[in-house]
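S.K.: Okay, handing you the structure first.
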Amino acid sequence: MGKPVLLHSLLLSGLLLLAVLDVSLVNADDPYRFYTWTVTYGTISPLGAPQQVILINGQFPGPQLDVVTNDNLVLNLINKLDVPFLLTWNGIKQRKNSWQDGVLGTNCPIPPGSNYTYNFQPKDQIGSFNYFPSTGFHRAAGGYGAINVYQRPRIPIPYATPDGDFTLLVGDWYKTDHKALQASLDSGNSLPLPDGVLINGHTQATFSGDQGNSPCHYSPSKDSCKTYKFRVSNVGLKNTLNFRIQGHTMKLIEVEGSHVVQNMYDSLDVHVGQSVNVLVTLNQAPKDYYIVASTRFTPKMLVAKLSASGILHYSNSKTSVSGPLPAEPTYQLHGSMLQARTYRWNLTSNAARPNPQGSFHYGTIKTTKTIVLSNSATKINGKQRYAVNGVSYVNPDTPLKLADYFNIPGVFSMNSLKTTPTTGAATLATSVVPTSLHDFIEFVFQNNENTMQSWHLDGSSFWVVGFGSGQWTPAKRNTYNLADAVARHTTQVYPNSWTAILVSLDNQGMWNMRSAIWERQYLGQQFYLRVWTAEKSLANEYNIPSNALLCGKAAGRKP
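Structure (structure tokens):
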């Protein structure tokens, strides 16, 4: 295992407000934060062997963004790689601003030796999010980091302020160079199993906490024990991870920006692209304890190999960790689905604004339409591809957002992807599903494969209202949670099962719906939603940025 690295808690007192500016598109009282990030290659050894990774400002993982809701982020990204590059902001909704989404459907990639300045807000959001590269297979090389969005001081949170704040970016990892992995996918192969798991770029990390008053661990009362927040995000490529802390229970407090009913868990399944926040109280005997992130739903013989261990170090500890890592849960798919159903929205809590986050009664709104999406592994021209309703997505040279804005024909199709599963051979297309601003849509993800799926939507949160085994039918709506389902941006779909979500499309733009499992996204399991209205208004969508990069058929035009 790698050398332990001491990571200190992240305290709000270090936040710096750099300037307050006034522009027409945002409120003058929303602070500005300015960043300059330089993207380079570097050589490190996350799993013990030297390999090329992507560094941001020389860091792996990249710099952590600690901001407050509604802060204006102005981030100049300088690309010093030998290929084009983009970052996307996973879970940041980009209100009225898909121009800054950082995916190939909305942005031209930043050419080598050039730069682009992102300008966006985590508007009315709080919680734990992250960023990562969206171009090529760069995600397998790093370039990811945390985005922690804190509430404004006047907005109460539904728990006592923690004594410390730790961020854990966990994910599976390959020793193979990302360019070799991409070449293998391009040649028609699928990815093998990963080689290991990392926590904050290492196979082991130490998180130090002060237990508090000396009698804390002897008293039945936990009032005198200190409590720490752990922000856990699965930034991997392929595998669900189970997160657990030896000898401690975890109080779940937040899921991807939503405060939840505060249930206690011994371990949590965190699927690819997902984030959870938990509180952990240091109420045990003063020693060191294992923190474990290990792959789920893989052959049992591989579980020990595909894991990373951290150490929860009590400041008054005299005993180091020893012995085997705490075992993963014995429950498998059905038990994991039951756990997922226990996640409930905290309807009495405030969100980023001082109104109860459950005041929007989604369960009483009539849906505009139902779209059923079936993923599949397929072969096209003898090569491995992945499809949605029989269509495998192909990235065009011209971003869809620019083609739509400049009325450039022939870039994408709005009739290639049907809204129900189809039969027959899969096809290649640049598929866009047309929708109208303020549509309220029921999406059903139907997974007829034997593998775990993870789906993500840019631009909006959605309510995960139902999980079930087998085939979805309209009668399954009787099982939906229409009262307090969690609003989030990524959901799992279990093997040979379905997941249903409801989403209010109140954010105009061109938005990516994709597999969060990056091999599947790269090979076609994605499409775009065109959320459109004929009304031209800054209340609906911002203008094209004056610094927008223009490429493909949009090259040479004026923003």
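Quick note, the sequence shown lines up with residues -28 to -1, 1 to 531 if you use mature numbering (1 follows the signal peptide of the UniProt record, and there is no 0).
Idealized CB from N, CA, C, for every residue including glycine.
Assuming the contact rule is C-beta atoms closer than 8 Å, Ser441 and Lys65 should be a hit. Round their C-beta distance to whole Å, please.
M.R.: One-based indexing of the sequence shown puts residue 441 at position 469. One-based indexing of the sequence shown puts residue 65 at position 93. That pair is no contact at about 31 Å.
S.K.: My guess is that Lys525 and Trp71 are in contact by the Cβ rule of under 8 Å, so how many angstroms apart are they, rounded?
M.R.: Residue mapping note: residue 525 aligns to position 553 of the sequence shown, counting from 1. Residue mapping note: residue 71 aligns to position 99 of the sequence shown, counting from 1. Actually they are not in contact, since the Cβ atoms of Lys525 and Trp71 sit about 17 Å apart, beyond 8 Å.
S.K.: Got a sec? Which residues, its chain only, sit under 6 Å from Asn450 by beta carbon, not counting five neighbours each side?
M.R.: Here the question's residue 450 lines up with position 478 in the sequence shown. The answer is none, since no qualifying residue turns up.
S.K.: Please report how far the alpha carbon of Leu53 lies from the alpha carbon of Gly14, in whole angstroms.
M.R.: Residue numbering aside, residue 53 sits at position 81 when the sequence shown is read from its first letter. Residue numbering aside, residue 14 sits at position 42 when the sequence shown is read from its first letter. Whole-angstrom Cα-Cα distance: 10 Å.
S.K.: Take Val169 and list the residues in its own chain whose beta-carbon comes closer than 6 Å to its own, dropping the five residues that flank it on each side.
M.R.: Position 197 of the sequence shown, counted from the start, is the residue given in the question as residue 169. Cβ within range, chain order: Asp144, Ala265, Leu278, Ser279, Ala280.
S.K.: Please look up how many angstroms separate the CB atoms of Val404 and Gln497, rounded, as I've assumed it's under 8 Å.
M.R.: Against the sequence shown, residue 404 aligns to sequence position 432. Against the sequence shown, residue 497 aligns to sequence position 525. Actually they are not in contact, since the Cβ atoms of Val404 and Gln497 sit about 15 Å apart, beyond 8 Å.
S.K.: Any idea if residue 560 is buried or exposed, counting beta-carbon neighbours within 10 angstroms, 16 or more meaning buried?
M.R.: Lying outside -28 to 531, the shown extent of the chain, residue 560 is not represented and no answer is given.
S.K.: Given this structure, state the Cα-to-Cα distance separating Ala398 from Val363, to the nearest angstrom.
M.R.: Translated into positions along the sequence shown, residue 398 becomes position 426. Translated into positions along the sequence shown, residue 363 becomes position 391. Distance between the alpha carbons of Ala398 and Val363 is about 6 Å.
S.K.: Quick one: is Leu153 near chain C, going by C-beta distance under 8 Å?
M.R.: Checking the listed chains, one finds no chain C in this structure; it contains a single protein chain.
S.K.: Taking the C-alpha atoms as reference points, what is the distance between Trp490 and Met482?
M.R.: One-based indexing of the sequence shown puts residue 490 at position 518. One-based indexing of the sequence shown puts residue 482 at position 510. Near 20 Å, if we compare the C-alpha coordinates of Met482 and Trp490.
S.K.: Return helix, strand or coil for Asn419, following the three-state DSSP convention.
M.R.: For this step, residue 419 is matched to residue 447 along the sequence shown. In this structure, Asn419 counts as strand in the three-state DSSP scheme.
S.K.: Pull up the CB-CB distance for Ser17 and Ser100, whole angstroms please, since I reckon it's below 8 Å.
M.R.: One-based indexing of the sequence shown puts residue 17 at position 45. One-based indexing of the sequence shown puts residue 100 at position 128. Actually they are not in contact, since the Cβ atoms of Ser17 and Ser100 sit about 28 Å apart, beyond 8 Å.
S.K.: Please report the straight-line C-alpha distance between Phe332 and Thr392, rounded to a whole angstrom.
M.R.: Along the sequence shown, one-based indexing puts residue 332 at 360. Along the sequence shown, one-based indexing puts residue 392 at 420. Computed Cα separation, rounded: 28 Å.
S.K.: Would you call the region 139 to 158 in contact with the region 169 to 188, where contact means no fewer than 3 C-beta pairs closer than 8 Å?
M.R.: Yes, the region 139 to 158 touches the region 169 to 188.
S.K.: Given that a residue counts as buried once 16 or more other Cβ atoms are within 10 Å of its Cβ, and exposed if not, what is Ser518?
M.R.: In the sequence shown, counting from the first residue as 1, residue 518 sits at position 546. Flag for Ser518 reads exposed.
S.K.: Once the 5 residues before and after residue 532 are set aside, which same chain residues still bring their CB inside 7 Å of it?
M.R.: No information on residue 532 is available, as it lies outside the stretch -28 to 531 that the chain covers here.
S.K.: What whole-angstrom Cβ distance do Pro56 and Pro81 have, given they're in contact under 8 Å?
M.R.: Locating residue 56 in the sequence shown gives position 84, where the first residue counts as 1. Locating residue 81 in the sequence shown gives position 109, where the first residue counts as 1. Indeed they touch by this definition, with Cβ atoms about 3 Å apart.
S.K.: Going by beta-carbon coordinates alone, are Phe439 and Thr402 separated by less than 8 Å?
M.R.: Residue numbering aside, residue 439 sits at position 467 when the sequence shown is read from its first letter. Residue numbering aside, residue 402 sits at position 430 when the sequence shown is read from its first letter. No. Outside cutoff.
S.K.: When DSSP builds the beta bridges, which residues end up paired with Asn120?
M.R.: To locate residue 120, count along the sequence shown from 1; it is residue 148. Beta-bridge pairing links Asn120 to Asp38, Ser100.
S.K.: Classify Ser230: buried if its beta carbon has 16 or more other beta carbons within 10 angstroms, exposed otherwise.
M.R.: Here the question's residue 230 lines up with position 258 in the sequence shown. Buried: at least 16 other Cβ atoms inside 10 Å.
S.K.: Compare the Cα-Cα distances from Asp182 to each of Asp167, Gln176, Lys198 and report the closest residue.
M.R.: Looking up residue 182 in the sequence shown gives position 210. The residue with the shortest Cα to Cα distance from Asp182 is Lys198.
S.K.: Look at the alpha carbon of Ser287 and the alpha carbon of Gln123, and state the distance between them as a whole number of angstroms.
M.R.: Here residue 287 refers to the residue found at position 315 when the sequence shown is read from its first residue. Here residue 123 refers to the residue found at position 151 when the sequence shown is read from its first residue. Between Ser287 and Gln123, the C-alpha separation is close to 29 Å.
S.K.: Could you tell me the distance, in whole angstroms, from the CA atom of Ala375 to the CA atom of Arg486?
M.R.: The count along the sequence shown starts at 1 and reaches residue 375 at position 403. The count along the sequence shown starts at 1 and reaches residue 486 at position 514. Going by the C-alpha atoms only, they are around 20 Å apart.
S.K.: Identify, in the order they occur along the chain, each residue of the same chain with its Cβ nearer than 6 Å to the Cβ of Phe215, setting aside the five sequence neighbours on each side.
M.R.: As a working note, residue 215 is residue 243 in the sequence shown. Val204, Leu240, Val242, Ala265, listed in sequence order.
S.K.: Please confirm if the region 381 to 392 is in contact with the region 338 to 356, defined as three or more CB-CB distances below 8 Å between the two stretches.
M.R.: Cβ pair count under 8 Å is three or more, so yes.
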